[in-house]
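In the working numbering, the protein residues as written are 740 to 1122.
Let me begin by presenting the structure, written as structure tokens, before commenting on it.
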């Protein structure tokens, strides 16, 4: 007896399906046993080994476990609606174009609806993208944007809010920065995103969607000259963590993104730097100005001028992470795109502070020395 061709095909298909099921079950078993092994390893590391050795060993095990995790399921775009703030330029601008190209309905919030960034979005994107006037420090503009978006999405709700708008300010020693800069950074980088989040959460809860906050590596680790900017981004990062816990009961997933070392328009223009430098000098007390010296402050401006040359102009890593946070069935709570960004976070979190200070501080402190310290060093050498 010779089985027919159709029967042989059916038999092969059945065998393959059984193999797939068997492989799927095997993967689930391996995954479950890996979790148990990881739990037992944690107990062993902290109970039997010295604290730092155990922590390093456990961290390595977690890294290996993470690398071999099963590939996550990605949701379909299916004309999901997403609000992005700060799309005039930089990450927000590139993200708006990327999401529009993928089929999202994009609400692109801009600081200037008639500016070049807004005009570029209108010209190059599809009719699914809607440019909205949205200064996130203006409660009136946030309310107006909410009414427009609520009218458009109606019963479907809003799938995602990406709080991207932010400012850098003038990088300098924390003692030198005027209080007005601290307040401005908090207004734009923290209070603005909080108000946007609170306003749009009813629409996010309706869709069980995603809240994504673009923080910064400076919000996760201390970086010299970024006291005002880093503090505001650290506040946003903590807000993200708390909201991730609180909104889980509503099915809303929250992620914080810590980009590190990307070239965007957040650095500002030379005219803005001159204005900020002048404002900084005007607010210094005579004794502080004398101790630091004019040449030290000029060196801060030179650092700002050269900063873009050390940054990556390719934003694809950031965009990929935001897209993953929007569409992954189980997104991460934290993303750290950029060269050495995740490494630096791990060093700060897991190593002694003296190691971080020596490793990171030396590479990021200014070569210029304050005038008072130069005089003190010269005096000590002479004696």
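Where is the CB? At the ideal position from N, CA and C, for every residue including glycine.
Restricting to Cα atoms, I'd like to know which of the options is closest to residue i.
i            : options                 : result
residue 955  : 990, 1096, 826 and 977  : 977
residue 817  : 823, 1038, 839 and 967  : 839
residue 1024 : 858, 854, 844 and 915   : 915
residue 991  : 812, 944, 1022 and 971  : 944
residue 1083 : 910, 930 and 960        : 960
residue 1056 : 1076, 812, 1070 and 857 : 1076
residue 882  : 848, 906 and 951        : 848
residue 989  : 1014, 1093, 856 and 947 : 947
residue 694  : 1109, 1022 and 984      : Here the chain comprises residues numbered 740 to 1122, so residue 694 is not present and cannot be evaluated.
residue 933  : 901, 1119 and 1113      : 901
residue 1109 : 879, 1064, 921 and 1027 : 1027
Short check: CB of residue i to CB of residue j, under 7 Å?
i            : j            : result
residue 957  : residue 979  : no
residue 825  : residue 904  : yes
residue 1060 : residue 1111 : no
residue 832  : residue 846  : no
residue 1066 : residue 841  : no
residue 971  : residue 928  : yes
residue 913  : residue 974  : no
residue 843  : residue 819  : yes
residue 1032 : residue 964  : no
residue 983  : residue 856  : no
For residue i, which residues in the same chain have their Cβ closer than 6 Å to its Cβ, ignoring the five residues on either side in sequence?
i            : result
residue 884  : 871 and 873
residue 1086 : 1095
residue 1107 : 1035 and 1038
Can you tell me whether residue i is buried or exposed, with buried defined as 16 or more other CB within 10 angstroms of its CB?
i            : result
residue 924  : buried
residue 935  : buried
residue 1017 : exposed
residue 827  : buried
residue 892  : buried
residue 829  : buried
residue 836  : buried
residue 766  : Interpretation of residue 766 is limited by its pLDDT of 47, a score under 50 that renders its predicted location unreliable; the figure taken from the coordinates is listed afterwards. Exposed is the call here.
residue 866  : exposed
residue 993  : buried
Measure how close the beta-carbons of residue i and residue j come, nearest whole angstrom, since I'm counting them as under 8 Å.
i            : j           : result
residue 834  : residue 939 : With 8 Å as the limit, residue 834 and residue 939 do not qualify as a contact, their Cβ atoms being about 17 Å apart.
residue 850  : residue 896 : Contact flag wrong, Cβ pair sits at about 26 Å.
residue 899  : residue 949 : 4 Å
residue 1149 : residue 998 : Nothing can be reported for residue 1149, as the shown portion of the chain is limited to 740 through 1122.
Beta-carbon within less than 7 Å of residue i's beta-carbon, same chain only, minus the 5 sequence neighbours each way: which residues are those?
i            : result
residue 887  : 871
residue 1117 : none
residue 1069 : 811
Closer than 7 Å, CB to CB, is residue i near chain C or not?
i           : result
residue 933 : Of the chains in the structure shown, none is chain C; there is only one protein chain.
Grab me the residues of residue i's own chain with a C-beta within less than 8 Å of its C-beta, minus the 5 sequence neighbours each way, in chain order.
i            : result
residue 768  : Summary for residue 768: the model assigns pLDDT 49, below 50, so the residue's position carries little reliability, and this model does not support an answer.
residue 1080 : 956, 997, 998, 999 and 1000
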